[in-house]
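Please read the structure below before turning to the comments.
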Amino acid sequence: MFLFFFLRLLLAHLIADFLLQTDKVFKIKVKFRWGVLLHGLIVGIFSVIFTLPYYYQPQVIVYIVLLCIIHITQDKAKIIYNLQIERNNLWTFLGDQILHIGLIAAVSFGVNNVYPLKYPGPEIFERIYSSNKIIIFTIWLIILTYSMLIIQEYIKKIIAGDTKEGIVFLKGWIKYLQMLYRSSIGIFIFLGEFWHIIVILIAVFGFYLVKKNKL
165 MFLFFFLRLL LAHLIADFLL QTDKVFKIKV KFRWGVLLHG LIVGIFSVIF TLPYYYQPQV
225 IVYIVLLCII HITQDKAKII YNLQIERNNL WTFLGDQILH IGLIAAVSFG VNNVYPLKYP
285 GPEIFERIYS SNKIIIFTIW LIILTYSMLI IQEYIKKIIA GDTKEGIVFL KGWIKYLQML
345 YRSSIGIFIF LGEFWHIIVI LIAVFGFYLV KKNKL
């Protein structure tokens with residue numbers, strides 16, 4: 165049951181740390197002392213939502229509370245670290261995410277012998293929740309779109325030799341076009357078989373746009 169629990173807690177983390185950590189939430193987190201608590205609350209809410217069928221076991225509640233407290237503490241430490249030495253780069257980003265995911269894995273090992281009950285609510289909730297394929301697909305899309313958007317900008321800085329603090333995202337429609345481009349490739353890769361032909365065509369078209377300085 166380790167993988168089952170781990171995947172759902174990982175999805176909760178990705179939603180809270182990427183989809184819902186908007187520019188506004190991030191600025192609040194960095195600017196105000198209490199800002200990290202807002203982000204921690206979002207992490208906690210989605211951690212609860214994605215582990216509801218396990219709460220008949222008190223130990224699961226304890227693990228989730230501890231995980232959220234550690235997440236808040238880690239994020240606060242990262243903010244202080246980045247402000248003090250002005251080092252916000254690919255390696256601090258990856259190190260932060262590896263630590264978050266490592267803690268999720270540790271919690272998942274802790275509940276390895278605990279089995280979930282039926283997900284509360286309509287039957288469709290249970291079908292979605294119990295499907296590893298749907299959960300993995302959603303994780304796959306979030307990583308391809310939001311996570312890779314950040315990693316891409318850090319890699320561009322490394323290639324360009326840019327040592328300035330932080331990254332700047334493209335604004336407006338171009339940002340969402342990039343996300344749509346990657347998600348389209350991701351969906352067709354996930355579907356497999358002859359859909360890979362479409363992946364190649366999309367990639368070639370993207371290369372053509374870049375080559376012609378249209379994108």
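Under the working numbering, think of the first position of the sequence shown as 165, with each following residue one higher. All C-beta atoms, glycine included, are put in the ideal place defined by N, C-alpha and C.
Within the model, the alpha-carbon separation for leucine 183 versus asparagine 277 is close to 31 Å. Going by C-alpha positions, glycine 204 is about 15 Å away from tyrosine 227.
With respect to the 9 Å criterion, leucine 305 and isoleucine 351 are classified as neighbours on the basis of their beta carbons. Secondary structure of serine 347 (DSSP, three-state): helix. By the 16-neighbour rule on beta-carbons within 10 angstroms, tyrosine 340 is exposed. Isoleucine 213 and arginine 172 have their C-alpha atoms spaced approximately 9 Å apart. Looking at the backbone, the Cα of histidine 177 and that of histidine 235 are separated by about 10 Å.
Judged by pairs of C-beta atoms under 8 Å, the stretch 281-288 touches the stretch 217-224, as three or more such pairs exist. Looking at the backbone, the Cα of valine 229 and that of alanine 270 are separated by about 14 Å. Assignment of tyrosine 279 by DSSP, reduced to helix, strand and coil, places it in the coil class. Taking 4 residues as the minimum length, the alpha helix (DSSP H) runs contained wholly in the stretch 252-324 are 254-274, 287-294, 296-306, 312-324, in order along the chain.
With a contact defined as Cβ atoms closer than 8 Å, tyrosine 318 and leucine 254 qualify at about 4 Å. In the DSSP assignment, alanine 180 falls outside any alpha helix (DSSP H) and carries neither an H nor an E. Around the beta carbon of alanine 367, fewer than 16 other beta carbons lie within 10 angstroms, which makes this residue exposed. In the structure shown, the three-state DSSP call for glutamine 342 is helix. For phenylalanine 214, there is no enclosing alpha helix (DSSP H), since its DSSP letter is neither H nor E.
Burial state of alanine 241 is exposed, judged by a 10 Å Cβ sphere holding fewer than 16 other Cβ atoms. For aspartate 326, the three-state secondary structure derived from DSSP is coil.
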